[in-house]
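Undergrad:
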Amino acid sequence: MAAAGSAVGLGNIWRFPTETGMNGGAAFILIYVLFMILFGAPIMLTEFTIGRYGQKDVADSFERMSGGRKGWRLMGLMPVVAGLLVLSYYAVVCGWTLYYAYVAGIDGFAGKTPEQYVSDFQQFAASPTEPLIWILLIMIITCGIISLGVRKGIERGAKILMPLLFVCIIVLVCFSVSLPNAERGLKFLFYPDFSKINGSTALSALGQAFFSLSVGIGCLCTYACYFRKDVNLFKDSLAVAFIDTLVALMAGLIIFPAVYSVPGLTPDAGPSLVFITLPNVFQHVFGGASVFAYAFSLLFYVLLVIAAITSSISMLEMVVAYFHEEYGWSRPAVAVAVSIFCMLLAAGCSLSFGVWADKTVFGLGMFDLFDFIVAKLLMPVGSFVMCIFLGWVVDEKTVRMEVTNGGKIQTVLYPVWRFIIRYFAPIGIILIFINEIGW
Ligand code: PHE
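Here numbering that gives the first Met the number 0 is used: the first residue of the sequence shown is 0, the next is one more, and so on.
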């Protein structure tokens, strides 16, 4: 449940439509789904296996599984670096979501024109101060949950609330596909136009698959050390990958039909896309300004905030677990220190939508740069290393015993998975990088 909570989040509902829009639609989605099956789910299983074998933090898990080789402890730094970076920009989008829940609460979407949704969002995101308040609130909530040790409670609650979010999403899909011009959105989603694919589409699709499953940076490893030894890791990783893909595709079904019904909006609008189109869908839910439309949009945003928070706590958790297990520092103290540090970075990321828009590195603002480093560098590199580790470094019997629960699970998936992590995934990841660089 915790792993599913980490996986399903704004990566599905915000990042997936954003990337799909910027990469030309259906052809990108096809590659993404393929990558989820061929890379995402198998690497998730890889990370689960390492974590559950180790039963401690990432550094210890790698050392133990390698048969005591100290050098592998370095992998323990991955969750620290990646966790700090990812939380710092993810919190910005969580903050936007929380603000939208507030706007829904004060009935702020009612009676506005589609153009107003565009300008309202742009004004809000570019403001040097307003988003910071909401980001700070998200940080306080995330840090509070980790410090008070109530993470498990939250995740148990999410077990009930996430199916509710799922139902809301289905309802929204129905409304969105009935908007004027919706068929253009469906065409964008389902008729692949392969001329839209360019040198960087593959890495974007890979990055999206990894980001949305939270794989490659030790987050799932950190969670898997709490897994019971009788859990079927094959089933769990497939189930999480399946649900995660389904939620992303449904988010696409909400956003793109709506994009074409908002005047002046194009699918490649970037990170603002979801926030501009969703209110437009809500306007049409139950015929506009009714009490149902109000209640429904509020419910949706509140559930979305919860989904976002179960992901943000997993980001903070992986950093806190490292310092707690390695140095014995108290969890609340580490949680507070890390949150303050991330809040400062998050402020920078938020400003990159406004006053710092012109401060760029390689043409990317701070927010986009962090996203690039996490999804397109650290996650693929981390995944590559994990595949090599389980496929070539650890002896086969140890891996087999762990993943099949001591031989109890007999499945054809084992040899398939073994082939993927030994050959297919490492070679595939290298080729995707080569393709990106354009050699
Ligand atoms: N997978 C999460 C989402 O889809 C984001 C995430 C990335 C969580 C990395 C933890 C680690 O929102």
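Ideal Cβ positions, reconstructed from N, Cα and C, are used throughout, including at glycine.
#1: Could you say which of Lys158, Gly67, Met138 lies nearest to Val91 if we only look at CA atoms?
#2: Suppose you measure from the CA of Val170 to the CA of Ile428; what does that come to, to the nearest Å?
#3: Give the secondary structure of Val360 by DSSP, where H, G and I count as helix, E and B as strand, and everything else as coil.
#4: Just to confirm my understanding: we take Leu86, look at its own chain, exclude 5 residues before and 5 after, and list those with CB closer than 7 Å. What are they?
#5: Determine the burial state of Ser289: buried for a count of at least 16 other Cβ atoms within 10 Å of its Cβ, exposed for fewer.
#6: In three-state DSSP terms, what is Met0?
#7: Any heavy atom of the ligand PHE within a distance shorter than 7 Å of the CB on Val85?
#8: Could you compute how far the alpha carbon of Ser349 sits from the alpha carbon of Met385?
#9: So what does DSSP say about Thr451, is it helix, strand or coil?
#10: Find the nearest neighbour of Arg155 within the set Ser5, Gln121, Ile216, judged by alpha-carbon distance.
#11: Return yes when at least one heavy atom of the ligand PHE lies under 7 Å from the C-beta of Phe47, else no.
#12: Hey, out of Val411, Leu178, Met378, whose CA is closest to Leu84's CA?
#13: How close, in whole Å, do the beta carbons of Gly39 and Ala208 come, if the pair is a contact with beta carbons under 8 Å?
#14: State the Cα-Cα distance for the pair Leu205 and Asp370, rounded to the nearest angstrom.
#15: Tell me whether Thr244 sits in a helix, a strand or coil according to DSSP, three-state version.
#16: So is the beta-carbon of Cys218 under 7 Å away from any non-hydrogen atom of the ligand PHE?
#17: With a threshold of 8 Å on Cβ separation, who are the neighbours of Ile387 within its own chain once the five nearest residues in sequence on each side are excluded?
#18: One question on the structure: do Pro262 and Leu178 come within less than 8 Å of each other, judged by their Cβ atoms?
#19: At what residues does the alpha helix (DSSP H) containing Ile196 begin and finish?
#20: Put Pro127 into one of helix, strand or coil per three-state DSSP.
#21: Nearest chain D C-beta to Ile254 closer than 8 Å, yes or no?
#22: How many Å lie between Ser446 and Tyr99 at the Cα?
TA: For this structure:
#1: Met138
#2: 37 Å
#3: strand
#4: Ser311, Met314, Leu315, Cys341
#5: exposed
#6: coil
#7: yes
#8: 32 Å
#9: Residue 451 lies beyond the range of the chain shown here (0 to 438); nothing can be said about it.
#10: Ser5
#11: no
#12: Met378
#13: 4 Å
#14: 13 Å
#15: helix
#16: yes
#17: Pro425
#18: no
#19: It is not in any alpha helix (DSSP H) - Ile196 carries neither H nor E in the DSSP assignment.
#20: coil
#21: Reference to chain D is not applicable here, since this structure consists of a single protein chain.
#22: In this structure the chain extends from 0 to 438, so residue 446 is not present and cannot be described.
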